[in-house]
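Residue numbers (our numbering): 12 to 230. No residue lacks a Cβ here, since even glycine has one placed at the ideal position from N, Cα and C. Bear in mind that the values here come from a model prediction, so they are computed numbers and not experimental data.
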Amino acid sequence: LREVLRNHSFVGCVNPQWALAQHQTKLYLLNTTKLSEELFYQILIYDFANFGVLRLSEPAPLFDLAMLALDSPESGWTEEDGPKEGLAEYIVEFLKKKAEMLADYFSLEIDEEGNLVGLPLLIDNYVNWDDEKECFESLGKECAMFYSIRKQYVSEESTLSGQQSEVPSSTPNPWKWTVEHVVYKAFRSHLLPPKHFTEDGNILQLANLPDLYKVFERC
């Protein structure tokens with residue numbers, strides 16, 4: 012898998028989730044969402060506690076973010092859990108207590124008023140704050156999910172990058188340029204793909220040129 016990603020030739024995007032790539036005589040269908048999620052998770056682990064800070068132009072109130080998360084069906088909130096406002100206030104106070112650790116290890120900065128001011132990361136799953144290893148692993152995975160390319164959040168005009176000037180003006184779908192020239196370029200140099208990616212459908216071999224020759228010979 013490492014050889015495939017390191018020396019692949021990018022063919023094109025099927026959609027924001029899937030892309031085609033060639034390695035030697037074989038054509039592959041790659042799950043960009045899962046590969047990018049794994050890439051960012053590995054970067055978070057390898058560069059642990061050594062990140063830069065992406066400042067928000069305007070502070071984002073944690074209370075509002077928590078309410079947005081609780082309003083989502085994915086949160087699993089029910090009336091038995093109690094009022095959403097109360098849960099949101101608890102989340103704010105809890106994260107404020109963990110602000111120093113989050114800033115030191117993940118460059119996720121929270122101010123004294125309970126606003127997110129640096130590195131916008133979505134934390135929507137349970138994190139084991141008592142077990143250090145599990146805590147860091149959970150946060151790392153959540154950060155990776157936030158940054159991974161996900162079909163439902165990509166519009167045709169999206170660049171997926173803050174560097175608009177790097178995307179050629181003639182490009183009809185800027186996000187495709189970013190996937191090919193930024194994300195898949197990073198796959199070549201940084202990603203160590205897990206073996207299970209070939210077993211769970213994230214990297215699929217679609218065709219092998221010698222096999223196609225045999226098919227055409229019979230035609």
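In the DSSP assignment, find the alpha helix (DSSP H) that holds residue i and state where it starts and stops.
{"i": "Val103", "result": "Lys95 to Lys108"}
{"i": "Ser200", "result": "Tyr195 to His201"}
{"i": "Pro205", "result": "From DSSP, Pro205 is part of no alpha helix (DSSP H); its letter is neither H nor E."}
{"i": "Ser162", "result": "First, the residue type needs correcting, since residue 162 is Lys and not Ser in the sequence shown. Premise fails: Lys162 is in no alpha helix (DSSP H) and is neither H nor E."}
Flag this pair as yes or no: are the beta carbons of residue i and residue j separated by less than 9 Å?
{"i": "Ile160", "j": "Gln28", "result": "yes"}
{"i": "Leu12", "j": "Lys162", "result": "no"}
{"i": "Pro204", "j": "Thr36", "result": "no"}
{"i": "Leu127", "j": "Ala99", "result": "no"}
{"i": "Leu40", "j": "Leu202", "result": "no"}
{"i": "Phe198", "j": "His19", "result": "yes"}
{"i": "Val25", "j": "Leu31", "result": "yes"}
{"i": "Ser118", "j": "Leu65", "result": "yes"}
{"i": "Glu191", "j": "Phe21", "result": "yes"}
{"i": "Leu67", "j": "Asn219", "result": "no"}
{"i": "Glu45", "j": "Asn184", "result": "Reading the sequence as shown, one finds Lys at residue 45 and not Glu. No, the pair does not count as a contact, with Cβ atoms beyond the cut-off."}
{"i": "Glu48", "j": "Met156", "result": "yes"}
Looking at the secondary structure, which residues open and close the beta strand (DSSP E) in which residue i lies?
{"i": "Ser68", "result": "Arg66 to Pro72"}
{"i": "Ile56", "result": "Segment Thr43 to Tyr57 is the alpha helix (DSSP H) holding Ile56; no beta strand (DSSP E) there."}
{"i": "Asn184", "result": "No beta strand (DSSP E) holds Asn184; DSSP gives it neither H nor E."}
{"i": "Gly129", "result": "Asn126 to Gly129"}
{"i": "Asn18", "result": "Where Asn18 is concerned, there is no enclosing beta strand (DSSP E), given that its DSSP letter is neither H nor E."}
{"i": "Asn219", "result": "Ile214 to Asn219"}
On a Cα-Cα basis, can you pick out the residue from the options that is closest to residue i?
{"i": "Trp188", "options": "Arg13, His207, Gly23 and Asn18", "result": "Gly23"}
{"i": "Cys154", "options": "Glu191, Phe59 and Phe105", "result": "Phe59"}
{"i": "Asp75", "options": "Val103, Pro94 and Leu113", "result": "Val103"}
{"i": "Asn61", "options": "Asp115, Val15 and Asn219", "result": "Asp115"}
{"i": "Asn4", "options": "Asn219, Val194 and Lys95", "result": "Shown here, the chain extends from 12 to 230; a query on residue 4 therefore has no answer."}
{"i": "Pro70", "options": "Glu14, Ser149, Ile121 and Lys95", "result": "Ile121"}
{"i": "Gly97", "options": "Leu119, Thr209, Glu49 and Met78", "result": "Met78"}
{"i": "Gly125", "options": "Glu111, Leu119, Lys107 and Met112", "result": "Lys107"}
{"i": "Ser149", "options": "Glu111, Gln53 and Trp186", "result": "Gln53"}
{"i": "Leu55", "options": "Asp211, Glu85, Lys152 and Lys45", "result": "Lys152"}
{"i": "Leu113", "options": "Trp186, Lys196 and Gly63", "result": "Gly63"}
Quick one: grab the DSSP three-state call for residue i.
{"i": "His34", "result": "strand"}
{"i": "Val25", "result": "coil"}
{"i": "Ser86", "result": "helix"}
{"i": "Ile155", "result": "A small fix is needed here, since residue 155 is Ala in this sequence, not Ile. Here Ala155 sits in helix by DSSP."}
{"i": "Ser118", "result": "coil"}
{"i": "Ala60", "result": "coil"}
{"i": "Leu12", "result": "coil"}
{"i": "Val138", "result": "Reliability of the predicted coordinates at Val138 is poor, the pLDDT of 39 falling under 50, and no value is obtained from them."}
{"i": "Ser176", "result": "In this predicted model, Ser176 has a pLDDT of only 47, less than 50, meaning its place in the structure is not dependable enough to derive any value."}
{"i": "Leu132", "result": "Here Leu132 scores only 39 on pLDDT, less than 50, and its place in the model is too uncertain to base an answer on."}
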